[in-house]
Each structure stands twice: as structure tokens, then as C-alpha cells.
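Chains as they are written, first to last, in my numbering: chain A, 3 to 204; chain B, 3 to 204; chain C, 3 to 204; chain D, 3 to 204. Ideal Cβ positions, reconstructed from N, Cα and C, are used throughout, including at glycine. Quick caveat: nothing in here was measured; it's all calculated off a predicted structure.
4 protein chains.
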Amino acid sequence: MSDKSLAQQLSEGFQELPGVGPRQAQRFVYALLEKEESFLKNFAALITALPGQIKRCEQCFWAFEGRTRLCQFCGDPQRDAHKLLIVERDTDVTNIERATGYSGKYFVLGGSVSPTRTDPQKELRLKELYHAVSTRPIGELILALSATSEGETTGIYIERIMDKLQKKQQFRITRLGRGLSSGAELEYSDGDTLKHAFANRA
Amino acid sequence: MSDKSLAQQLSEGFQELPGVGPRQAQRFVYALLEKEESFLKNFAALITALPGQIKRCEQCFWAFEGRTRLCQFCGDPQRDAHKLLIVERDTDVTNIERATGYSGKYFVLGGSVSPTRTDPQKELRLKELYHAVSTRPIGELILALSATSEGETTGIYIERIMDKLQKKQQFRITRLGRGLSSGAELEYSDGDTLKHAFANRA
Amino acid sequence: MSDKSLAQQLSEGFQELPGVGPRQAQRFVYALLEKEESFLKNFAALITALPGQIKRCEQCFWAFEGRTRLCQFCGDPQRDAHKLLIVERDTDVTNIERATGYSGKYFVLGGSVSPTRTDPQKELRLKELYHAVSTRPIGELILALSATSEGETTGIYIERIMDKLQKKQQFRITRLGRGLSSGAELEYSDGDTLKHAFANRA
Amino acid sequence: MSDKSLAQQLSEGFQELPGVGPRQAQRFVYALLEKEESFLKNFAALITALPGQIKRCEQCFWAFEGRTRLCQFCGDPQRDAHKLLIVERDTDVTNIERATGYSGKYFVLGGSVSPTRTDPQKELRLKELYHAVSTRPIGELILALSATSEGETTGIYIERIMDKLQKKQQFRITRLGRGLSSGAELEYSDGDTLKHAFANRA
Numbered sequence: 003m004s005d006k007s008l009a010q011q012l013s014e015g016f017q018e019l020p021g022v023g024p025r026q027a028q029r030f031v032y033a034l035l036e037k038e039e040s041f042l043k044n045f046a047a048l049i050t051a052l053p054g055q056i057k058r059c060e061q062c063f064w065a066f067e068g069r070t071r072l073c074q075f076c077g078d079p080q081r082d083a084h085k086l087l088i089v090e091r092d093t094d095v096t097n098i099e100r101a102t103g104y105s106g107k108y109f110v111l112g113g114s115v116s117p118t119r120t121d122p123q124k125e126l127r128l129k130e131l132y133h134a135v136s137t138r139p140i141g142e143l144i145l146a147l148s149a150t151s152e153g154e155t156t157g158i159y160i161e162r163i164m165d166k167l168q169k170k171q172q173f174r175i176t177r178l179g180r181g182l183s184s185g186a187e188l189e190y191s192d193g194d195t196l197k198h199a200f201a202n203r204a
Numbered sequence: 003m004s005d006k007s008l009a010q011q012l013s014e015g016f017q018e019l020p021g022v023g024p025r026q027a028q029r030f031v032y033a034l035l036e037k038e039e040s041f042l043k044n045f046a047a048l049i050t051a052l053p054g055q056i057k058r059c060e061q062c063f064w065a066f067e068g069r070t071r072l073c074q075f076c077g078d079p080q081r082d083a084h085k086l087l088i089v090e091r092d093t094d095v096t097n098i099e100r101a102t103g104y105s106g107k108y109f110v111l112g113g114s115v116s117p118t119r120t121d122p123q124k125e126l127r128l129k130e131l132y133h134a135v136s137t138r139p140i141g142e143l144i145l146a147l148s149a150t151s152e153g154e155t156t157g158i159y160i161e162r163i164m165d166k167l168q169k170k171q172q173f174r175i176t177r178l179g180r181g182l183s184s185g186a187e188l189e190y191s192d193g194d195t196l197k198h199a200f201a202n203r204a
Numbered sequence: 003m004s005d006k007s008l009a010q011q012l013s014e015g016f017q018e019l020p021g022v023g024p025r026q027a028q029r030f031v032y033a034l035l036e037k038e039e040s041f042l043k044n045f046a047a048l049i050t051a052l053p054g055q056i057k058r059c060e061q062c063f064w065a066f067e068g069r070t071r072l073c074q075f076c077g078d079p080q081r082d083a084h085k086l087l088i089v090e091r092d093t094d095v096t097n098i099e100r101a102t103g104y105s106g107k108y109f110v111l112g113g114s115v116s117p118t119r120t121d122p123q124k125e126l127r128l129k130e131l132y133h134a135v136s137t138r139p140i141g142e143l144i145l146a147l148s149a150t151s152e153g154e155t156t157g158i159y160i161e162r163i164m165d166k167l168q169k170k171q172q173f174r175i176t177r178l179g180r181g182l183s184s185g186a187e188l189e190y191s192d193g194d195t196l197k198h199a200f201a202n203r204a
Numbered sequence: 003m004s005d006k007s008l009a010q011q012l013s014e015g016f017q018e019l020p021g022v023g024p025r026q027a028q029r030f031v032y033a034l035l036e037k038e039e040s041f042l043k044n045f046a047a048l049i050t051a052l053p054g055q056i057k058r059c060e061q062c063f064w065a066f067e068g069r070t071r072l073c074q075f076c077g078d079p080q081r082d083a084h085k086l087l088i089v090e091r092d093t094d095v096t097n098i099e100r101a102t103g104y105s106g107k108y109f110v111l112g113g114s115v116s117p118t119r120t121d122p123q124k125e126l127r128l129k130e131l132y133h134a135v136s137t138r139p140i141g142e143l144i145l146a147l148s149a150t151s152e153g154e155t156t157g158i159y160i161e162r163i164m165d166k167l168q169k170k171q172q173f174r175i176t177r178l179g180r181g182l183s184s185g186a187e188l189e190y191s192d193g194d195t196l197k198h199a200f201a202n203r204a
């Protein structure tokens, strides 16, 4: 029913994906044209099945595949419920799980506090975070946020929200270590990184 | 029926698109998760509809949308049939049509002759090109190919195939002009580009 | 007599070179520290000898090494004096001489007309160019300028200055060819480049 | 006395500086040509004066300007002699001094242990380091090395050399903190960096 051509509509769909501009979107459309019909049918079916098969955990809000109420981390009684690690994005959970030996619980905030957000309270899961922390025997709250101004603002924001709870429940709030990232040469490291790397020497 | 998770399968689907690696594919999947169900349904429908709605022109092999046998260029009696412009890819047709005042016909080869192709005769539309040229009153055959070694090899390959036809039908074979591309600074231009730019001065 | 340290002064000297910032300048100073004293003496002697040994040709203003009034191109009676190729920078002469078979004369303008120049007449050798053209039997004036807005503005500027001379002496003004630079892929070429490449096909 | 032109020799001199290739060197030469003779004389004088005015501290081997035997850090009785911070390069001293509040002593190794060095013992100041540590009341030896494989190999090398001294004198060996460098986004951080950032949370 649209005036736009199908290729144009499909290209606009691809442009909704992060980092895809008109040229790349057009190339994606032409690439799909070269695919077998069976590939396209399967690909489309996977996309349609996405909301039914992947859902957000009721406790940590991580997007996972399954029919259970809770994700594999929240549902696992072996994982240390005294630790809660807060991330901005779904993908951070997978990366931290793969890279570290972390065995506590997660919480997915859904984004960061940034100057472009008019109402962080609504757009991020800050109320849900407050609720999660207030109803659990937390010992350590780990802010696993980016070392950017957005990440730092988000951290300050969360600390402020947690202020009273922290005094009452007496948990620690920790942040990811700052310092030299892997592959960093001393000569080309900025002053702020040097400062942290020096302070966090061990 | 697959052992792989839906997110994994979808990520692998995205990785079939040009230039998409595992990380970007994962980000695409998470981005789709944030979309409304109506967007996903529509996006999937567009993908499934692609092969039915877009087909290749029987004459020039350009992928176009429509129910006609011929694309808008081949079916247009106003366009100069004495000129045939050969491109590697579908997208080149759109770009040349947008940038130049070309009013002749096109032919989409489907790729370039490169060291990785074992059988260019089969993988590219070289027979179809021969047929197209031999059955038409061609005056100029324009090789609109990349200024890369693949593009040059493809050009030489086509010239060889056209050798007898050209003597019989007496058409010209031309190539896109070489020289300074827009924005090029003289100081940073390589010797080959300078040589062409000097030779093609006007 | 300066309050600044020697290393600081030397670093500032290096920062006068094109594209050298404070960090690279500092690295240059430390690199010199590792050199033998004989290298430093020789290097310093070369720098001091520069103005005495390299001078500008009285005709084309190209910087060359020698004791003659004219550079090797202006002094060579074999080179075609009917052709005059105008470049912005000294280095362009060397590059064009190396890449092309050009056998005419050169003229070094000393820069380009750009929005940051308040008085191109004074800062560039435009009067000298006018004089050179008006006193010679020119057949072709070749504008070998960058394919940038500065290069184009410079070209228009020169054409305007040459307007009357051209009518009187009846020479051609040519520009370097525009088109695909070496290595350019058709798919990633901008519209302006495609337009020129198509128009200049041959 | 050389067959090479002065410009060529000067260009080769510039190519001895770190990161300078033939094209940039040529541009440096042409840039010097545009400078006043007084600038060139002063620049050359600074280069010749370098070895006389800048010397290496007899204790830490840092290159400094002055007539004293010891640099401003080694000669300062206020600085904590129980701490010794080891860096690869002169420039690291300046950067760490500027970025951190470090108030101990330094030691400049002169490079890193890498596969291309055939004899680190000779090329780096490892004997001198051993001597420095063995004759002082060290409490903490800080390895301020790059987070690269060269930096890590250098660290292991130094630890091995210090093994007996450390047992005898009972000092700590520390390394710069690893983690998120400033500006690092969690999503784009590699697994190794995440592992360190998580382990070093605080």
C-alpha cells in the first residue's frame, strides 16, 4: 500500500539497525537478491519468531531465549545472590560472562544517562533496579559501565538513588577497574588513563 | 529443528550480508529485540516478498521491481540502443543513472574477473553479453568498470571476447575516464593517477 | 637568552614543520638525543646550508639546487617552451616530472587561492605568472591543480587573469583530467567523480 | 663531498626521526625552504647544542637539561627514595610526572625486551637497574610498562633479574593497573581488558 518501492522500504528497514546508512542498506538489499528463496524464508521466519522466543527475564531484564520466567543466571541457585552487576546493554552480559569468572547476578539497565535523555527515570530501568536492590540481601553492587562521561554520569546517578538503601543495607558499591587497556602503549596513553593506572597499580 | 539458539541463527543470517561480522550481527539482533512486533512482521514480509517482486530484466539482467519482462531502461524506446554500458553490479546502474546524463542501455555482468574465480565464463554473464552485443546495432560499448586490477582484467577479458564482433560490427569500445577523483590533492596523488590525469587533460 | 629550555625550543622548532604536533615534536627531540654528535653536526650543517645552496629559478620559481640562474627545466633548450604547466607547490614539479612524460616548462605558483588568504595577488606569484605568459609564445597553459575547491578556485582565478592575454595570444588553457583515480572502485566513487569519469570516457 | 643533493641528504636526515617517511621528509625540506635564514640558523644551533646541554642523569639515566650530575628528581631529597618507578623511555617520565602525583624516584630502562633485540642485557640498562636497586633501601619497585606483549616480557625479565634481591631486601614489585582506559566503551572492550577491569574493580 506504500508508494515506495519494496527495495526502498527494505533499505529503510535496514537503516533502523545500528550503524547502517543508506549505501550499506542498499548493498544489503542487493545481497539478499542473490540469496536462495529458502534462505530468505528462513531469515524472515527467524525475525518474526524473535519476540515470541526471546523475552526479558522478570528479574534482571536480560533478553534470553526460553520459556521460563527467569533467565539462566537469575534461575540458577548456585550463583551468588549477594552480588549484583549492573550493565547498560544486553550484550554486556554475554561479554562479561565470557571474559570474567563472575558468578553473581546481573541487572540490565537498558541504556545510560546522557544529555539527550529527557527522563532517565522513565527510559532506564531505575525503579526496577531500586526494587531489585531493596528486596535482596545485596553485599556488592558492581557498576559495570563504560569509562565515558555517559558511563560516569550513570554511575553517579545510580549511587544517588542507592544512597539511603546503601546506608540501611550496608552493601558496597564498586566500579570496574580503570587503567591501561590491553595493548595500550604507555607513550600514547592519555593523562587520565595514566593517573588511574598509577593509582591502581598492584 | 536446529541445536543453535534463535539469536545465534539470526546472527548467522546477518553475517551473510556484505561486511557484517559476528559483533555487528549480534548488535543487529539486540536492536531488533527493541523493535515493535509490527516492525518485525513488516520487515520479514518485505524480505520474503523480495524474490517475487524484484526480478532480473531479461535483456540487461538488472534487478528491478515490476511485472514487466524488461526493466525501465530496456523497455524505454527513447533510450539510445546504440550505446551499451557494462557494469559489474546492480548498484552501479543506479549510481551511474543518478550521476551522469547517460541515456543508453545497460548490461549487468554480475561481478568481475578475478584470480579467485575459477570459471568466469560460468560465473559472469559473458555469454549473455556476447549475445546482447551480437544481436544489436551497437555503436559504443562502454566498459564502466573499477580502476582496480580486477576491473582492468575484466575489461581486457571483455575486449578479447568482443574482438571478432567488433571487427564485424565496427563499434567503439570505451572506458571510464581516469584522472583525479573529486577531492584529490595533487600532492597526495600516486604516479599512476598523475600519469592519467596529465594524459587526459582537456 | 630564552627562558625556555633547549628541548622546549627545539620542540617548538619542529612544530613549525607541516603536520608536526607537540607530541611528535617531543619524540623527535628525544630521538635526536640518541644520535651521535657527528650526525647532529652534519644535520645542522645541512639545514644552515639550505638557503645558500637551494634557490628559486628566476623564471619558474621552482626551488632547485645549483649555481645557475635558471633551473634544469627552464635552462634546457630542448624542452617545449610553448607549453607552460602551473603547479601550486615545489613538490608537484618533481611528482609530475617523475610520473608523466611532460616535456614543457613549469611555473610554481606558491600555493592556492583559498578563503584564508586575504590577498592572493600578494601571496601567490600571480603577477609573475602574468609576466611569464605575456612574454612567451605560449600554446598551452596547463593548470595542474588539485581537484579540490581550493584548486578549482585557483583555476578560475588564473583564467580570469589570463582572459585578455588568451584572446591576444590565442593559447589553450587545459586542466588535468578528472575521473577514477587508480585503485578506485566504482561502487564507492562519489557522484561527481562518476560524472567526470563518464564524460571523459575514451 | 657527497654525490647526493643537499635536499636529498637533508631528507634522509629527517627520515632518521621516528615515523618520518620519504614523502613527509621531502615536505619538511620544502617547508624549511620557506623559512627565514634566522630561523634556520637558530634551529641548527639548537640541534648542535643538544648533546652539550642535555645529558643523562647518572642515577636514573633520564635525559635532562642542566649542569648537575643528577636530574631534578634524583637530586631532590624530598622525593621518596623507597619507591623506584621503571619506565622504558625518557618521555614516559615527563608524562607520569604530569599525570600522577608520584613523588618517588625514576629509572629509565632505554627500551623494552622484544623479539628483535638480540641482547637485552647490553641494549637496555638492566645491569644499571640491578646496581641501583641493590644499593638502595627500596620498598616498592613500580614497573610502569606498556600493556603490550613487549611490556609484559620486559616485566617478566626484570622480575627474574630481581628475584634474589627481592628476597634479600624484601621490596614489593608492582605494575600499573589494567582495566578500562579513559573513554573506553564497555561494548567495544576486548575480553582481556574486561577480565582485568572486573578483577580490579574497587
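Asked: In the DSSP assignment, the beta strand (DSSP E) including B/A83 goes from what residue to what residue?; Found: 82-89
Asked: Return helix, strand or coil for C/E187, following the three-state DSSP convention.; Found: coil
Asked: Who are the near neighbours of A/M3 in its chain, counting only those whose CB is closer than 6 angstroms to its CB and skipping five residues on each side?; Found: Low local confidence applies: a pLDDT of 44 at A/M3 is under 50, so the model's placement there is unreliable, with the coordinate-based value given in what follows. Correct list: empty, nothing qualifies.
Asked: What are the start and end residues of the alpha helix (DSSP H) that includes C/R162?; Found: 151-171
Asked: Per DSSP, what kind of secondary structure is D/A146 in: helix, strand or coil?; Found: coil
Asked: Using a Cβ cut-off of 8 angstroms, pull out every chain C residue sitting near B/S184, in sequence order please.; Found: A149, R180, D192, D194, T195, H198
Asked: Excluding the five sequence neighbours on either side, which residues of its own chain have a C-beta within less than 6 angstroms of the C-beta of B/Q55, listed in chain order?; Found: E67
Asked: To which residues does DSSP link C/K57 through a beta bridge?; Found: C/F66
Asked: Decide if D/D94 is buried, meaning its Cβ has at least 16 other Cβ atoms within 10 Å, or exposed.; Found: buried
Asked: State yes or no: is the beta carbon of A/S7 nearer than 8 angstroms to at least one beta carbon in chain B?; Found: yes
Asked: With a 10 Å radius around its C-beta and 16 neighbouring C-beta atoms as the bar for buried, classify A/A28 as buried or exposed.; Found: Looking at the sequence shown, residue 28 of chain A is not Ala but Gln. Counting Cβ neighbours within 10 Å, A/Q28 comes out buried, since at least 16 surround it.
Asked: Can you give me, in chain order, the residues of the stretch 79-94 of chain D that have a beta carbon less than 9 angstroms from any beta carbon in chain A?; Found: L87, V89, E90, R91, T93, D94
Asked: Measuring CB atoms only, is the stretch 155-175 of chain B touching the stretch 13-22 of chain D, in the sense that at least three cross pairs come out at less than 8 angstroms?; Found: no
Asked: Which of helix, strand or coil does DSSP assign to B/T176?; Found: strand
Asked: Under 7 angstroms Cβ-Cβ, which residues of chain A neighbour D/R203?; Found: I144, T176, R177, L178, G179
Asked: Ends of the beta strand (DSSP E) at A/F75?; Found: Neither: A/F75 is in no beta strand (DSSP E) and is coded neither H nor E.
Asked: Give the C-beta separation of B/L86 and B/K107 to the nearest angstrom, bearing in mind that I take them to be a contact with Cβ-Cβ under 8 angstroms.; Found: 5 angstroms
Asked: What number of angstroms, rounded off, separates the C-alpha of A/K6 from the C-alpha of A/V31?; Found: 15 angstroms
Asked: Taking only the alpha-carbon atoms, compute the straight-line gap between D/T120 and D/E152 and give it to the nearest angstrom.; Found: 14 angstroms
Asked: Would B/I56 count as contacting chain A if we go by Cβ distances under 8 angstroms?; Found: yes
Asked: How about B/L126 and B/F109: are their beta carbons less than 8 angstroms apart?; Found: no
Asked: Would D/T156 count as contacting chain C if we go by Cβ distances under 8 angstroms?; Found: no
Asked: Within the stretch 20-55 of chain D, note down every full alpha helix (DSSP H) run reaching 4 residues or more, in order along the chain.; Found: 24-35, 39-55
Asked: Who does A/V115 pair with in a DSSP beta bridge?; Found: A/V115 is not bridged to any residue.
Asked: Quickly, what does DSSP pair C/L182 with across the bridge? List them, please.; Found: B/R180
Asked: Does A/Y104 come within less than 8 angstroms of chain D when only Cβ atoms are used?; Found: yes
Asked: Going by DSSP, which residues form a beta bridge with D/F109?; Found: D/I88
Asked: C/E187 and B/S184 - do their beta-carbons sit closer together than 8 angstroms?; Found: no
Asked: Going by other Cβ atoms of all chains shown within 10 Å of its Cβ, with 16 needed for buried, is D/R100 buried or exposed?; Found: exposed
Asked: Which of the three DSSP states is assigned to D/M3 in this structure?; Found: For D/M3, the pLDDT reaches just 44, beneath the cut-off of 50, and the residue's location in the model is therefore unreliable, leaving the point undetermined.
Asked: With a threshold of 8 angstroms between beta carbons, is C/A33 in contact with chain D?; Found: yes
Asked: Among B/L196, B/D165, B/E38, whose alpha-carbon lies nearest the alpha-carbon of C/Y104?; Found: B/L196
Asked: Look at the alpha carbon of A/Q10 and the alpha carbon of A/Q123, and state the distance between them as a whole number of angstroms.; Found: 37 angstroms
Asked: Return the Cβ separation of B/I88 and B/L111 in integer angstroms, given the expectation that the two are a contact with Cβ distance under 8 angstroms.; Found: 6 angstroms
Asked: May I ask you to report which of helix, strand or coil DSSP gives B/G141?; Found: coil
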